[in-house]
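Residue numbers (the working numbering): 19 to 471.
See structure below.
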Amino acid sequence: MEEIKILIAEDDPSFASILQNNLVLLGYNLSDLVVIDNVADVAEVKVEFEPDVILLDLNLRDSLGFETYERLSNVFEEVPIIVLSGLDDRNLAMRIVSKGAQDYLLKNEINGGVLDKTIKYGMLRKTFQAKLSVSERKYKDLFHNSPIPMLQLVKTTKHISFCNRAALNLFEAKSSSEILGAPITDFIQTGGLYSSSTLNLSEPSELKTLRTLKKNMKKVQVTLNRLEEDKDALICLIVDKTEEQAFEQRKFEIIAQAEEGEKKKIARELHDGIGQQLVLLNLLLQNLETKQEDQGSLENIRQLLQSLILELRELAYNLLPPALDQGFVNALQRFAKRINDVGSVTLTLKLSKELKENAFKNVDSFNLYRMVQEILNNALKHSQATKIEILIEVQREHIVIRIIDNGIGFDVLKVSEGLGLQNLKYRMEMAGIRGGVKSEPGKGVEVELIVAK
19 MEEIKILIAE DDPSFASILQ NNLVLLGYNL SDLVVIDNVA DVAEVKVEFE
69 PDVILLDLNL RDSLGFETYE RLSNVFEEVP IIVLSGLDDR NLAMRIVSKG
119 AQDYLLKNEI NGGVLDKTIK YGMLRKTFQA KLSVSERKYK DLFHNSPIPM
169 LQLVKTTKHI SFCNRAALNL FEAKSSSEIL GAPITDFIQT GGLYSSSTLN
219 LSEPSELKTL RTLKKNMKKV QVTLNRLEED KDALICLIVD KTEEQAFEQR
269 KFEIIAQAEE GEKKKIAREL HDGIGQQLVL LNLLLQNLET KQEDQGSLEN
319 IRQLLQSLIL ELRELAYNLL PPALDQGFVN ALQRFAKRIN DVGSVTLTLK
369 LSKELKENAF KNVDSFNLYR MVQEILNNAL KHSQATKIEI LIEVQREHIV
419 IRIIDNGIGF DVLKVSEGLG LQNLKYRMEM AGIRGGVKSE PGKGVEVELI
469 VAK
């Protein structure tokens, strides 16, 4: 039989002797067995003897009841303890087993078969626990030594319960105590078009903004995974995308500059070439002598030419880069005046008193203007609105731009993959601007842009 080290804690010598005889009959080796009758001897025994299983009477010479179990289990934390009691107390039995005891047996019901089976179950449990401990240690080593920043979160509250070394470096923390217990949303906010105060499991690819303990801002990609073995926990993987996004932003700026250069070239060709020829043609028509019966047809041609010239000028204006030499706000005011001059839509620009032109000095004003222009053009083309408001509010750390129309609105979920919103979302991500779109059918549209000062 496999050698098993057994510790018997029993203050009744006769019952201890009965146990030893049963163990011998079952094939256990008495040389691997130690008997004590008090808890005080446990510390001394542990120095030279590490049992595989403990047979424990709760009432010893120096300890009684549940306290006896607690004192032994604190010394031999990984050892299965089988309680042998003369007291048929169901509540005590449930309490002890719930604390980790292998079993609770009544002395008057113990026989060789029951004793052997319980000891073997205890050994099997110890083997499983040992394998589980090895697995847990491997998991913890992988977790703590992973080069990818990782957090363990409480599922319901998103509070941080564990973190690895890479996460400490990313958060610029000196020790785990600086971030443990805090909700993840204290450090990470969603970025892009559909912002929220909570992390979205369904959009792991969306970049978030992480604010480190040193107040530095980083762009990160966050993925949350559920743990099968722990239903109340989530594993949070964080990938630092700051440098990658900076590279993408530089690439975007170069492409945008090239696009604007081409647009400017096309706009000038339209204005100086086709546009001038249309104007000349209009003048020739005005000077053309015609018969009375041809006046109606001639007037139709003139109106068509006037409409064509206006559309051409509008196209050329939209293609030309905005004149931002007098500032972003001034350019918006000029754009609003042009829309109001047309007369079909009333555009109101409301600025907070705290707003100064230099408030946008750290912002890519050119890209921001293009975003606002695209939002307004979409409203003019699709919303059927009669009123549009642009509200610019200065907050402590941000400038908030809200564009609101009273048009027909739309279902955000159904059109979120549309080219217009995707293009806006891409521009926002590249410029580091947060925000969102709110709309319902029949309730107009509100677009919010949150710009860091």
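Don't be surprised by glycine CBs; every beta carbon is placed ideally from N, CA and C.
All values reported here derive from a predicted model rather than from experimental measurement.
message = Pull the bridge partners of residue 177 from the DSSP assignment, please.
response = Paired residue(s): 201.
ask   = Whose C-beta lies closer than 6 Å to the C-beta of residue 467 among residues of the same chain, with five residues either side of it excluded?
value = Excluding its 5 nearest sequence neighbours in each direction, residue 467 has C-beta neighbours in its own chain below 6 Å: 419, 451, 453, listed in chain order.
ask   = According to DSSP, is residue 182 helix, strand or coil?
value = Looking at residue 182 - three-state DSSP - the assignment turns out to be coil, as it is neither helix nor strand.
ask   = According to the neighbour-count rule (16 or more other Cβ atoms, all chains shown, within 10 Å of its Cβ), is residue 159 buried or exposed?
value = Counting Cβ neighbours within 10 Å, residue 159 comes out exposed, since fewer than 16 surround it.
request  = Might you give, ordered along the chain, the residues of its own chain that have their beta carbon closer than 8 Å to the beta carbon of residue 415, omitting 5 neighbours on each side?
outcome  = Taken in chain order, the residues that qualify are 470, 471.
request  = Would you kindly report the start and end of the unbroken beta strand (DSSP E) that includes residue 236?
outcome  = Looking at the DSSP string, the run of the beta strand (DSSP E) that includes residue 236 is 235-244.
query = Ordered along the chain, which non-local residues of its own chain (more than five positions away) have a Cβ less than 8 Å from that of residue 358?
reply = Excluding its 5 nearest sequence neighbours in each direction, residue 358 has C-beta neighbours in its own chain below 8 Å: 364, 365, listed in chain order.
query = Does the distance from the CB of residue 171 to the CB of residue 252 come in under 7 Å?
reply = Using a Cβ distance threshold of 7 Å, residue 171 and residue 252 count as a contacting pair.
Coil, strand or helix - residue 322 by DSSP = Residue 322: helix per DSSP, three-state reduction.
Neighbour-count burial assignment, residue 276, 16 or more Cβ in a 10 Å radius = Taking every protein chain shown into account, the CB of residue 276 has fewer than 16 other CB atoms within 10 angstroms, so this residue is exposed.
query = How would you write the range of the alpha helix (DSSP H) that residue 143 sits in, first residue to last?
reply = For residue 143, the enclosing alpha helix (DSSP H) covers residues 130-163.
query = Can the beta-carbon of residue 185 be found less than 7 Å from the beta-carbon of residue 167?
reply = Annotated as proximal: residue 185 and residue 167, with beta-carbon spacing under 7 Å.
inquiry  = Once the 5 residues before and after residue 125 are set aside, which same chain residues still bring their CB inside 7 Å of it?
reply    = Contacts found: 33, 102, 103, 104.
ask   = With distances taken from CA atoms, which of 384, 60, 386, 37 is nearest residue 128?
value = Minimum Cα-Cα distance from residue 128 among the listed residues 384, 60, 386, 37 corresponds to 37.
query = Are residue 69 and residue 144 close, meaning C-beta to C-beta below 7 Å?
reply = No; because the gap between Cβ atoms is not below 7 Å, this pair is not in contact.
ask   = Sorted by chain position, which residues of the same chain lie with C-beta nearer than 7 Å to residue 404's C-beta, five sequence neighbours on each side aside?
value = These residues qualify, in order along the chain: 363, 364, 424.
query = For residue 104, which of helix, strand or coil comes out of DSSP?
reply = When secondary structure is reduced to three states using DSSP, residue 104 falls in the coil class, being assigned neither helix nor strand.
task = Would you identify the three-state DSSP class for residue 422, choosing helix, strand or coil?
result = In this structure, residue 422 counts as strand in the three-state DSSP scheme.
query = With distances taken between CB atoms, is the gap from residue 21 to residue 50 smaller than 7 Å?
reply = In contact: residue 21 and residue 50 (Cβ atoms closer than 7 Å).
message = Between which two residues does the beta strand (DSSP E) holding residue 392 run?
response = Not the beta strand (DSSP E): residue 392 falls in the alpha helix (DSSP H), residues 383-396.
ask   = Any idea which residues DSSP pairs residue 400 with across the strands?
value = Beta-bridge pairing links residue 400 to no other residue.
request  = With residue 75 as the anchor, note down where its alpha helix (DSSP H) starts and where it stops.
outcome  = Per DSSP, residue 75 is not a residue of any alpha helix (DSSP H); the beta strand (DSSP E) it occupies stretches across 71-75.
key: DSSP state of residue 46 mapped onto helix, strand, coil   = It is coil, neither helix nor strand.
ask   = Considering only the beta carbon of each residue, do residue 202 and residue 176 sit closer than 7 Å?
value = In terms of Cβ geometry, residue 202 and residue 176 form a close pair [threshold 7 Å].
key: Residue interval of the alpha helix (DSSP H) (run including residue 357)   = Its alpha helix (DSSP H) spans residues 346-360.
request  = Output yes or no for whether 7 Å exceeds the beta carbon distance between residue 17 and residue 89.
outcome  = Outside the modelled stretch of the chain, which goes from 19 to 471, sits residue 17, for which no answer is possible.
request  = Kindly indicate the opening and closing residues of the alpha helix (DSSP H) around residue 66.
outcome  = Unbroken alpha helix (DSSP H) run through residue 66: 60-66.
ask   = DSSP three-state call for residue 372: helix, strand or coil?
value = Secondary structure at residue 372: coil, using DSSP grouped into helix, strand and coil.
query = Contact check, residue 459 vs residue 426 under 8 Å by CB: the rounded distance?
reply = The C-beta distance from residue 459 to residue 426 rounds to 7 Å, short enough to meet the 8 Å contact threshold.
request  = Using only alpha-carbon positions, find the residue among 431, 206, 119 that is nearest to residue 242.
outcome  = Looking at the Cα atoms, 206 is the closest of the given residues.
key: Best match in 60, 28, 113 for proximity to residue 78 [C-alpha to C-alpha]   = In terms of Cα proximity to residue 78, the closest of 60, 28, 113 is 28.
query = For the beta strand (DSSP E) that residue 227 lies in, which residues bound it at each end?
reply = For residue 227, the uninterrupted beta strand (DSSP E) segment begins and ends at 225-229.
query = How is the beta strand (DSSP E) around residue 414 delimited, first residue to last?
reply = Here residue 414 belongs to no beta strand (DSSP E), and DSSP marks it neither H nor E.
inquiry  = So the candidates are 381, 263, 157; which of them puts its Cα closest to the Cα of residue 245?
reply    = Checking every option, the nearest Cα to that of residue 245 belongs to 157.
ask   = What span of residues does the beta strand (DSSP E) with residue 171 cover, start to end?
value = Residues 168-172.
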